[in-house]
Amino acid sequence: GAMAGCRVATVIMQYGIIANYCWLLVEGVYLYSLLSLATFSERSFFSLYLGIGWGAPLLFVIPWVVVKCLFENVQCWTSNDNMGFWWILRIPVFLALLINFFIFVHIIHLLVAKLRAHQMHYADYKFRLARSTLTLIPLLGVHEVVFAFVTDEHAQGTLRSTK
């Protein structure tokens with residue numbers, strides 16, 4: 001009854017969280033492709049992007065549901081009594097953040113090279129680089145690296161509010 005509904009809601013929530021990070025990864029890969037590939041066709045990668053964004057989360061949520069059913073089938077599945085089960089959901093998040101961090105560094109490197117090549121004024125160069133960097137940080141989810149290893153159970157006070 002009510003417990004099943006709560007568990008379904010928890011599964012949908014976990015799927016949504018992982019899908020969010022997968023779509024951040026798609027944004028990073030897409031931006032990287034636009035800047036790096038000489039000939040880039042959006043159509044040729046569209047199915048891949050859909051697969052990463054909507055399909056990849058299922059590869060982690062389904063095993064998590066099976067493990068929760070078999071080994072930790074208590075309450076609403078919102079607690080993390082066995083942290084090994086928690087990692088099933090966190091691995092795709094960490095991978096997406098790690099890949100996007102490297103994409104971020106590479107894009108910043110490309111931007112610095114392009115801005116230097118155009119011989120811009122010193123102040124303008126720094127301003128454009130800062131603006132580009134500050135735009136890329138939330139776009140690629142780089143700011144999430146700060147909270148990547150904090151579970152809801154361990155977050156307290158200001159950290160819980162910030163997370």
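Heads up: the sequence shown runs through residues 1 to 163, numbered per the UniProt record's numbering. No residue lacks a Cβ here, since even glycine has one placed at the ideal position from N, Cα and C.
- Task: Could you pull the start and end residues of the alpha helix (DSSP H) that E42 belongs to?
- Result: As a position in the sequence shown, residue 42 is number 42, starting the count at 1. Here the alpha helix (DSSP H) through E42 covers E42 to L50.
- Task: Grab me the residues of S132's own chain with a C-beta within less than 7 Å of its C-beta, minus the 5 sequence neighbours each way, in chain order.
- Result: In the sequence shown, the residue the question calls residue 132 occupies position 132. So the qualifying residues of the chain are L111.
- Item | Contact check, N100 vs L24, beta carbons under 8 Å | Taking the first residue of the sequence shown as position 1, residue 100 is located at position 100. Taking the first residue of the sequence shown as position 1, residue 24 is located at position 24. Yes. Within cutoff.
- Message: Here's the rule: buried if 16 or more other CB atoms are within 10 angstroms of the residue's CB, otherwise exposed. What is V26?
- Response: On the sequence shown, position 26 is the one that residue 26 refers to. Answer is buried; the Cβ neighbour count reaches 16.
- Query: Roughly how many whole angstroms lie between the Cα atoms of L159 and V142?
  - Reply: Here residue 159 refers to the residue found at position 159 of the sequence shown. Here residue 142 refers to the residue found at position 142 of the sequence shown. Reliability fails at L159, whose pLDDT of 48 lies under 50, so the model's placement of it is uncertain and the value that follows must be treated cautiously. So the two alpha carbons sit approximately 17 Å from each other.
- Relative to the alpha-carbon of I12, which residue among F104, K126 and T78 has its alpha-carbon at the smallest distance? On the sequence shown, residue 12 is found 12 positions in, with the first residue counted as 1. It is T78.
- Beta carbon of residue 167, beta carbon of V61: below 8 Å? This structure cannot speak to residue 167, because the chain is shown only from 1 to 163.
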